[in-house]
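In my numbering, the protein residues as written are 4 to 687.
See the structure below:
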């Protein structure tokens, strides 16, 4: 995320020095000496540049108050942007003017089309002849074309100010209508990343022996190989049943509860088709070919696993309460309705309540008559089924190498295949009655029992997992919440129902980021109020922010990108940059207003003069965000919404800064009264 922060700030870092040089050139075009132009140009923009720096840094402060995964992901990015911006500001105020003193030369008055005010006041000035230097000719040609574009903008700005009522109403209508698209965007915590891996959990009929599970997995592998082409399939790894080591069980987050469960890990080669297409095909084909077997596709990449907090699915409906049977019946009812939700895939209940069990009920009266106890029966069962190492560990010491080896006696498994074999297990009796069999002292009956008992906050819990497919997480979660509310009256007494998983984390992160967005706007406004010593001019500055939000909505809608944490982060970043551009325009308009005394003229001159730096700031940021917005590189999909939000927001905010902000400035200051002094007359 630190590299993502640098990519996010690269446009602004370049723009700091560019705006400084452009302002120095503006003073050089007024006929000033190089040293004077550098001092005046640097002094003129140091205050708005510093305020812009603070605005951009302030918008990242709310990120430090995020919790959970979002905090650890975006705080490093915010720190990278803030520290880079501070260093860029210091270098733009020190190193850039110093280098300008060595590299820039005095300009011929009128020889550079960036002398905006001179060009406006002296339209008949002559431009120098074209140079033979191709670079100079390219620069002069570019300046000539840019001057024509700026003249067109000036004409449009004049037209907009002359029809300011219609323009303001039309502009605000477009912005308000843009927010009507928000419900159609959808919500996701983070964008999905195509890591070229598929992780699939398979559950056969509960109670299936591990040998039968292995045969089933062989058939599933054949089906997978027939679906994925050989040149795209890297490897297939199976992991069947419960692990022996307790450490390995701690790393198991797929929901394996017995020998009927297993995981299949599939890796794809480079140049493969989108992984999601294979998941969709396998989900349909395997369910049709293996009825009675449950298939669920789990997050395979490390980022998705972290976002799920180790859960096997992003949606987790938990039914907690003391009555396990009623909770299971209620969970099964919810599951049937959740399966009908559009976009839900792999919906299943994690806990199995039909695990086969053989209950050995010792007849104590009969056992006492035969001289055996329940302890004798238990020890004999354990030795036969699991080996003597459980109840009577024995070791043999090799005197040659000093190594001791465990000695375990166990009945071969092929002799314990049927219920009759179990009844014929020998039981060690006393010397009078001799050897006995299990069927002579105990009754064996079949039961069904929960395969696993899960707890959350001490209480037993039943989990209903679900995964969204071809639909955003927020929409699926909303439909599931409606189902939970509709079935609230049937909830077992003493039980609680909660929607957890990635959905809960997403809602918390969205609330924090939306609050951060609002707090950023308020902090920016208060900062500008303190700097400008005015309540009205800061309001003029932030009028570009609604347009930035509208641009973000349109860009996400046009690119079929859902609202996510990266997109909201880009929106917060866009607030700072849009405010920085507006500060450049309004600060110059205030300066010209104090001289010319006419709000409309001051607004026109501010828009015309600041057209170049505002456009450069926006273009530098947009060009810097383009690779990120395209999702280039491995895992580029993760930060693509961030870049798209910044590009869309800045595109609309730039239009608002160049048109809407000058109009609002002229309206706010329409009653401005000014007395022109002799000194100001000479300036004019």
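No residue lacks a Cβ here, since even glycine has one placed at the ideal position from N, Cα and C.
Closest option to residue 229, judged by alpha-carbon separation, among 213, 281, 517: 281.
Residue 29 sits in a helix when the DSSP states are folded into three classes.
As summarised for the stretch 210 to 244, the continuous beta strand (DSSP E) elements at least 3 residues long and confined to that stretch are 236 to 243, given in chain order. The beta-carbon distance between residue 582 and residue 527, rounded to whole angstroms, is 5 Å. This is short enough to meet the 8 Å contact definition. Secondary structure of residue 504 (DSSP, three-state): strand.
Residue 351 has 468 as its beta-bridge partners, per DSSP. In the three-state reduction of the DSSP assignment, residue 317 falls in the coil class.
Bounds of the alpha helix (DSSP H) holding residue 169 are 167 to 181.
Burial is judged here by how many other beta carbons sit within 10 angstroms of a residue's own beta carbon; residue 214 has fewer than 16 and is exposed.
According to the DSSP assignment, residue 406 belongs to no alpha helix (DSSP H) but to the beta strand (DSSP E) extending over 406 to 410. The C-beta distance from residue 30 to residue 19 rounds to 18 Å, too long to fall under 8 Å, and the pair is not in contact. The beta carbon of residue 593 lies closer than 7 Å to those of 540 in the same chain, with the five residues before and after it left out. For residue 60 against residue 102, the beta-carbon gap comes to about 25 Å, at or over 8 Å, which does not count as contact. One Cα belongs to residue 212, the other to residue 367, and the distance between them is close to 32 Å. Boundaries of the alpha helix (DSSP H) harbouring residue 540: 539 to 545, taken from the DSSP string. In the structure shown, residue 430 adopts extended strand secondary structure according to DSSP, grouped into three states. Between residue 651 and residue 555, the C-beta spacing is below 8 Å. Residue 407 counts as exposed, since fewer than 16 other C-beta atoms from the protein chains shown sit within 10 angstroms of its C-beta. In the structure shown, residue 296 falls within a coil segment according to DSSP collapsed to helix, strand and coil.
Selection 662, 580, 622 evaluated against residue 52 yields 580 as nearest (Cα-Cα).
If you look at residue 612, you'll find it in the alpha helix (DSSP H) that goes 602 to 612. With a threshold of 16 other beta carbon atoms within 10 Å, residue 615 meets it and is buried. For residue 339, no beta strand (DSSP E) segment is defined; the enclosing uninterrupted segment is the alpha helix (DSSP H) at 327 to 341. If you look at residue 75, you'll find it in the alpha helix (DSSP H) that goes 72 to 106. Per DSSP, reduced to three states, the secondary structure at residue 270 is strand. Bounds of the beta strand (DSSP E) holding residue 401 are 397 to 401. Within the DSSP secondary-structure output, residue 359 pairs in a beta bridge with 451. The residue among 619, 569, 261, 342 with its C-alpha nearest the C-alpha of residue 78 is 569.
When only Cα atoms are considered, residue 591 and residue 109 end up about 24 Å apart.
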